[in-house]
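Quick notes on the structure that follows.
Numbering (my numbering), first residue to last: 12 to 366.
Dropping the structure here:
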């Protein structure tokens, strides 16, 4: 309605109802927020948050012993890469202008300690080296620094031996292995390592090891507030998880919000360059609180379950895929994430309709 337009009269039946109750006609509003929604150009001009491709990180999987990419059934469009297709994916990500790529390894053999995690010829370290050789500094090359993909039992750390606590994850015995893994990843060419095992003291241990090995320029993206979430299910197919039991003794209870703030503060104090909340969508309250308090940039991981649900609903025609992807990412950015790990990162960068 233009400023001088006359309001359309109410239908006779509505006007009669109002008149019977002595309800006066409303005064036309002076404040009209709808003015900033009138056209696509106006909406773009007034937009508070934008998902910038440069703020996105693509999680990718590289698998040992395969000759062609292997689709992940629970995550349509996601594959386990060979080293060669991983290189091509990294080059495409750099061309698309996304910020980074986060590598996860799927080894052919696993053992109790996850020794392939720090082996120079381990699949993850070979993947890091291949990506860095392909893209140089055009992408931030990040690596997952956790043992769960490499241990035969599927836990994020080594297990205690015989005794009353047999089978528990041994926090302090795990830290030296994280140190070895992080140093190996830095030597392979990672710009950034990302400890995701939720061991107490992991950031301080890794920072000390990297600095002592001459890798003081390698950043740490800490999985700080990582919850014991049911949303991780499809990821376990992607990495061929061998987990029995659960990770509730070291990942956070989904009921706890303040604990996420505490974990993020501890990681920042221990030397984390970036702190993360994972999952993203179900924990926007935690993300907003961490973002408001954090002295360092904040990341959020839009995890496999979030991705899989949207893809499944879209395939059934229940939601508009592009709009839901864009809205989900905007919600994460609006809550305060400076960067987002998402399996749609490259697609979003290549398709403006998704942002």
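Every residue, glycine too, gets a C-beta built ideally from N, C-alpha and C.
Computed from a prediction, not measured in an experiment: that's the story for all the values here.
- Taking each of 23, 362, 204 and 190 in turn and checking the Cα distance to residue 220, the smallest one comes out for 190.
- In this structure residue 298 touches residue 347 by the C-beta definition: roughly 6 Å separates them, less than 8 Å.
- By the C-beta criterion, the stretch 94-102 is judged to be in contact with the stretch 143-156, since at least 3 inter-stretch pairs fall below 8 Å.
- Beta-bridge pairing by DSSP links residue 153 to 113 and 203.
- For residue 318, the enclosing alpha helix (DSSP H) covers residues 315-326.
- When beta bridges are read from the DSSP output, residue 350 appears opposite 310.
- Per DSSP, residue 236 is not a residue of any alpha helix (DSSP H); the beta strand (DSSP E) it occupies stretches across 230-237.
- Looking at the DSSP output, residue 166 sits in no beta bridge, so it has no partner there.
- Counting only runs of 3 or more residues that sit fully inside the stretch 70-137, the beta strand (DSSP E) segments are 90-92 and 111-117, in chain order.
- In this structure, the CA atom of residue 149 is about 45 Å from the CA atom of residue 43.
- A straight line joining the alpha-carbon of residue 111 with that of residue 69 spans about 6 Å.
- For residue 158, the secondary structure class from DSSP, reduced to helix, strand or coil, is coil.
- A straight-line Cα-Cα distance of about 30 Å links residue 130 and residue 174.
- Sequence-distant Cβ neighbours of residue 123 in its own chain, meaning closer than 8 Å and more than five residues away, are 162, 163, 164, 169 and 170.
- For residue 78, the number of other beta carbons within 10 angstroms of its own is below 16, and it is reported as exposed.
- Relative to residue 233, the option among 72, 308 and 255 whose CA is nearest is 308.
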